[in-house]
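S.K.: Mind looking over this structure? Questions follow.
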Amino acid sequence: MQKGVGLGALTRNTKASQIYASHGERIQKAHLEELATQLNVFQAVLQEFARRHAKDIRSNPTFRAEFAQMCSAIGVDPLTSSSSKKGSFWAEMLGTSMNDFYFELAVRVVELCRATREGNGGLIAVAEVRDRIMKKDERTGGSSNISEDDILRAVESLKPLGSGFSVIAIGRRQMIRSVPKELNTDQSTVLEVIQVLGFVTPSMLRANLTWDRARVQTALEDLLSDSLVWVDDQADENEYWSPTFISQGLQP
Amino acid sequence: MSATTSTTPPNIYPDLYNFPPFFTRQPNTTTFAAQLHAWSTFILTYCRHHRLFTLELSTALDSDLFHNKALNRRLKPADAVEVLEAMRKDGLVEWVDGATRSTVLVYWRKPAEWAEVLYRWVESVGQKGSVLTLWELVNGEMTEGEEFHGMHPMVLQSVLAVMVKRGQAQTIGTEIDEMGVKFF
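Here's what the structure looks like:
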């Protein structure tokens, strides 16, 4: 089939594409409006949900985590939204308690990281932070229910302050790094290997990573001088232990 | 002995006690500072729990204070001395024999705190105005079960010195075996 071969086809084509374009815009606009409505509806539902379950959100960590996930999925940040503008979603929903909860927790995380820094070089497992905070609460008679997710959110909430606190993964563990100094690749590799048994020896590293003697020695000495490992010189070969394992009740 | 009276003994061992490097002097200064602090706290807790007013180094090195038999790890004598020396600087222990360094007095309560404990006892049993021998005071039947029962004479003397200064007591005699004290 032949069509639009004459000069007139040119104008016809332009016209057609104009129609298409405006039609496209119309569809897009309708789509956006529809989405916005949906989002509004969803937010309203979420607000209603939050109102009804405010108590659970405050007291139940699993619930809190799931709720926070749901919020971030639709672009509501529980931690920044109530401080950025007054009378916002969260402030209305939960009073300031949700905010206070995370900021108070953040303060305690900072305190704990500071207090343990000498012994662990500023690297501590998220799980340990959680256990220590909960143990302390038990000792002082209160009972708190905090999840690792809460700790992570609390650390996240420190970011705007330029706190130098970050969460890094060493092997399968999530750790809080409270010293701005970055680990070099060899250091991270060794720390990851340490997670398996709690310690490493130079010969284990040489065998498993096929590093030469000097590289192993340098990596271990770097870790020692950053307080990230402790040495035990009473075994057959020096053992380098991660202080992460201090609280884990090692089996002899 | 008194340790056997409690039904559920509190866990006096810190987590670090089961961490093998705790028994090796850490080469890194920062880590060592944390290690020293942990040892100091542990030694005080241990002595308070067992009501030890003195620590004889050679005995302590073989006891479970400095020797974790399960881990087969122990603190070396020189390292133990370094720990105790650091504690002395903090006023927590005192060498009985300065030069040989074989025994320390352990102040799991400072003399001023002991003075208060003692004075509270004096008031509660109505011993104000009476004269007691030092032996009677810390080893006699009437103070059995008191926290200061069995207190080492040298610790007691530092405590009484505080009380004399506060005008709460006056010591009588000079020979330690025959000394007495009068409380006001």
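Line order of the protein sequences matches chains A and B. Each residue of the first sequence is one higher than the last, beginning at 1 in UniProt numbering. Each residue of the second sequence is one higher than the last, beginning at 1 in UniProt numbering. Backbone N, C-alpha and C define an ideal beta-carbon position, used for all residues, glycine too. Remember, it's a predicted structure, so these values are computed and weren't measured experimentally.
1) So with CB distances below 7 angstroms, who are the chain B contacts of Leu224(A)?
2) What is the residue span of the alpha helix (DSSP H) that Trp230(A) lies within?
3) Beta-carbon within less than 6 angstroms of Val193(A)'s beta-carbon, same chain only, minus the 5 sequence neighbours each way: which residues are those?
4) Taking only the alpha-carbon atoms, compute the straight-line gap between Arg12(A) and Ala30(A) and give it to the nearest angstrom.
5) Could you have a look at Trp135(B) and say whether DSSP puts it in helix, strand or coil?
6) Along chain A, which residues have their Cβ under 8 angstroms away from the Cβ of Ala33(B)?
7) Run through the stretch 29-105 of chain B for me and flag every whole alpha helix (DSSP H) of 4 or more residues, listed as ranges in chain order.
8) Give me the subset of the stretch 28-60 of chain A whose CB atoms are less than 8 angstroms from a CB atom of chain B, sorted by chain position.
9) Would you please verify whether the beta carbon of Gln234(A) is less than 7 angstroms from any beta carbon of chain B?
10) Compare the C-beta of Val190(A) against all C-beta atoms of chain B and say whether one is closer than 7 angstroms.
11) At the level of alpha carbons, what is the spacing between Phe245(A) and His152(B)?
12) For a test of the three-state rule: what should DSSP assign to Trp241(A), helix, strand or coil?
13) Contact criterion: CB-CB distance below 7 angstroms. Does Ile151(A) meet it with respect to chain B?
14) For Ser82(A), which three-state DSSP category applies?
15) Along chain B, in chain order, which residues have C-beta atoms closer than 7 angstroms to that of Val193(A)?
16) In whole angstroms, what separates the C-alpha of Gly171(A) from that of Gln195(A)?
17) Taking only runs that begin and end inside the stretch 87-162 of chain A, name each unbroken beta strand (DSSP E) of 3 or more residues, in chain order.
18) For chain A, is any of its Cβ atoms less than 7 angstroms away from the one on Phe53(B)?
19) Once DSSP output is grouped into helix, strand and coil, what is the label at Ile176(B)?
20) Could you work out which residues of chain B lie near Glu239(A), taking near to mean beta carbons separated by less than 7 angstroms?
21) Based on DSSP bridge pairs, tell me the residues matched to Phe183(B).
22) Report yes or no: is there a C-beta of chain A within less than 7 angstroms of the C-beta of Asp64(B)?
23) Beta-carbon within less than 8 angstroms of Gly91(B)'s beta-carbon, same chain only, minus the 5 sequence neighbours each way: which residues are those?
24) Under the assumption that Pro61(A) contacts Asp149(A) (Cβ atoms under 8 angstroms), give the Cβ distance between them as a whole number of angstroms.
25) Against chain A, with Cβ distances strictly below 7 angstroms, would Asp90(B) count as a contact?
26) Quick check: what's the CA-CA separation for Thr116(A) versus Leu183(A)?
27) What are the start and end residues of each continuous beta strand (DSSP E) run of 3 or more residues lying completely inside the stretch 8-73 of chain A, in chain order?
28) Quick check on DSSP: helix, strand or coil for Val179(A)?
29) Looking only at its chain, what residues have a beta carbon closer than 7 angstroms to the beta carbon of Asp212(A), apart from the 5 residues adjacent to it on each side?
30) Note down the Cα distance separating Ile19(A) from Gln28(A), rounded to an integer number of angstroms.
31) If we ignore side chains and look at the alpha-carbon of each, how far apart do Glu25(A) and Ala65(A) end up?
32) Kindly give me the distance between the Cβ atoms of Asp77(B) and Leu61(B), rounded to whole angstroms, as I take these residues to be in contact under 8 angstroms.
33) Can you tell which of Val181(B), Pro27(B), Asn11(B) and Ala86(B) has the C-alpha that lies nearest to the C-alpha of Thr133(B)?
M.R.: Short version:
1) By Cβ distance, chain B contributes Pro27 and Asn28.
2) Annotation for Trp230(A): no alpha helix (DSSP H) segment contains it, though the beta strand (DSSP E) segment containing it runs Trp230 to Asp232.
3) Once the five neighbours on either side are set aside, the close Cβ partners of Val193(A) are Val200.
4) Computed Cα separation, rounded: 27 angstroms.
5) Of the three classes helix, strand and coil, the one that applies to Trp135(B) here is helix, per DSSP.
6) The contacting residues are Glu118.
7) Correct list: 29-50, 57-62 and 77-89.
8) For the stretch 28-60 of chain A, which is checked against every Cβ of chain B, not one residue is closer than 8 angstroms.
9) For Gln234(A), the nearest CB of chain B lies under 7 angstroms from its own CB, placing it at the interface with that chain.
10) By the rule that beta-carbons nearer than 7 angstroms mark a contact, Val190(A) does not touch chain B.
11) Taking the straight line joining both Cα atoms gives about 39 angstroms.
12) DSSP, reduced to helix, strand and coil, places Trp241(A) within a strand of the structure shown.
13) Proximity of Ile151(A) to chain B, defined by a Cβ-Cβ separation below 7 angstroms, is not satisfied.
14) Any reading at Ser82(A) is ruled out, since the residue's pLDDT is 43, under 50, leaving its predicted position unreliable.
15) Those within 7 angstroms of Val193(A) in chain B number zero; the least Cβ separation is about 17 angstroms.
16) One C-alpha to the other measures close to 7 angstroms.
17) The DSSP assignment places complete beta strand (DSSP E) segments of no fewer than 3 residues inside the stretch 87-162 of chain A at 123-125, in order along the chain.
18) Cβ-Cβ to chain A under 7 angstroms: no for Phe53(B).
19) In the structure shown, Ile176(B) adopts coil according to DSSP, grouped into three states.
20) Here the neighbours are Pro20.
21) Answer is Ala169(B).
22) False, the Cβ-Cβ gap to chain A never drops below 7 angstroms.
23) Cβ neighbours of Gly91(B) within its own chain (closer than 8 angstroms, five residues either side excluded): Tyr107 and Lys110.
24) Indeed they touch by this definition, with Cβ atoms about 7 angstroms apart.
25) Not an interface residue.
26) So the two alpha carbons sit approximately 18 angstroms from each other.
27) Here no run is fully enclosed.
28) Coil at Val179(A), not helix or strand.
29) So the list is empty, once near-sequence residues are dropped.
30) Roughly 14 angstroms between the two C-alpha positions.
31) Inter-residue distance for Glu25(A) and Ala65(A) is about 39 angstroms (C-alpha atoms, whole angstroms).
32) Asp is not the amino acid found at residue 77(B); the sequence shown has Pro there. Rounded, the Cβ-Cβ distance is 6 angstroms, consistent with contact.
33) Checked all of Val181(B), Pro27(B), Asn11(B) and Ala86(B); the closest Cα to Thr133(B) is Val181(B).
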